[in-house]
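Per my numbering, the sequence shown runs over residues 1 to 278. Notes for the one structure printed next.
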Amino acid sequence: MIAALLFIAILDIGPLLGIGADANAILTLLAALIFVVVHGYVALGWRNIIAFGLITVVISFASEVIGVATGLVFGAYHYTDLLGPKLLGVPPMIQIGYLGTGYASVMMGRIILSLLRPVTGRAILAASLAGAFIMVSWDVAMDPYQSTVTGDWIWRDGGGYFGVPLHNYAGWFGTVFLFNLVYFIFATRYAEQPQKDLMQNRTAFWSLPVLYYALIAIGIIITPLVGGISLPYASPTNYAGTPQALEASMSLVAIFAMGSPVVFALCRLFLDRTQAVP
């Protein structure tokens, strides 16, 4: 887990190391997959991390396929070839992104809400909502760069948020909320089985998904410092501003939209000693 996080930290300065944006994105996703599998096994047990993974992949893939085909879920868009082969118009690598950040987001939501123990009753709704808000915060900071600048996907008609339609964020929120909700319903029937003997320092262990999310945010925040945006834009008709304005805006969004849940979760873990860490 630590090795995967260190690798992601190195990729944060990928532009300085000559790593291209698309290679950087793919390598980050692969490191995220390793992290989630290992941390999820310890935190939830094999059955539940596999269930979380399958539920996340199936629901997010279905949303993306319907979205690409109809434009109803996220707005009118299509994927380019930069993220590898596509299945029904969707690169499977995208589902790893949903899995990695979705796992970190829902775990952060559970930490903030003191729901690391089994989530039942009305807490299911609370944890699902918290995870969805935290994950969409990532897309708010990431999407303009990945679409307008690098062109991993292209918004056909652009949109009011740096070339991204606001419809996209409603679709993201609904998709993430749904796979969180379905997983927690599953977990009420098949209880999570954390491997407590592998948690040498439980506070540090539960800090790891927060650190993963923070590293993803840092990669966006330091873009102006590492020269991560270069012309030409992949979608020049969707955004006519300067690279400096886009860099500064996304950096600011990442600091506060993604930084806020990071601070809240770490404060809960390290300052509130009444937190029930299993």
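A virtual CB, placed ideally from N, CA and C, is assigned to each residue, including glycine.
Practice task
With a 10 Å radius around its C-beta and 16 neighbouring C-beta atoms as the bar for buried, classify residue 8 as buried or exposed.
Solution key: buried
Handout entry: Neighbour-count burial assignment, residue 205, 16 or more Cβ in a 10 Å radius
Key = buried
Problem - Those runs of the alpha helix (DSSP H) which lie wholly inside the stretch 163-190 and span at least 4 residues - result: 167-189
Exercise for the section: Express the C-alpha separation of residue 54 and residue 30 in angstroms, rounding to a whole number. Expected result: 17 angstroms
Problem - Three-state secondary structure assigned by DSSP to residue 275 - result: Because the pLDDT of residue 275 is 48, which lies under 50, any placement of that residue in the model is unreliable, and the number read from its coordinates should be weighed accordingly. Of the three classes helix, strand and coil, the one that applies to residue 275 here is coil, per DSSP.
Practice task
For the stretch 197-204 and the stretch 147-161, state whether three or more C-beta atom pairs, one from each stretch, are separated by less than 8 angstroms.
Solution key: no
Exercise for the section: Under 6 angstroms Cβ to Cβ from residue 70, same chain only, skipping five residues before and after it: list those, please. Expected result: none
Exercise for the section: Could you say if the stretch 211-223 and the stretch 110-119 meet the contact criterion of at least three C-beta pairs nearer than 8 angstroms? Expected result: no
Problem - Helix, strand or coil at residue 154 [DSSP, three-state] - result: strand
Problem - Which residues DSSP lists as bridging residue 73, in chain order - result: In the DSSP output, where bridge partners are listed per residue, residue 73 has none listed.
Practice task
Compute the Euclidean distance between the alpha carbons of residue 127 and residue 48, then round it to the nearest angstrom.
Solution key: 16 angstroms
Problem - Under the three-state DSSP convention, the category residue 87 falls into - result: strand
Problem - Segments assigned alpha helix (DSSP H), at least 4 residues, entirely inside the stretch 109-162 - result: 122-143
Practice task
Quick one: using the 10 Å Cβ neighbour count with 16 as the cut-off for buried, is residue 248 buried or exposed?
Solution key: exposed
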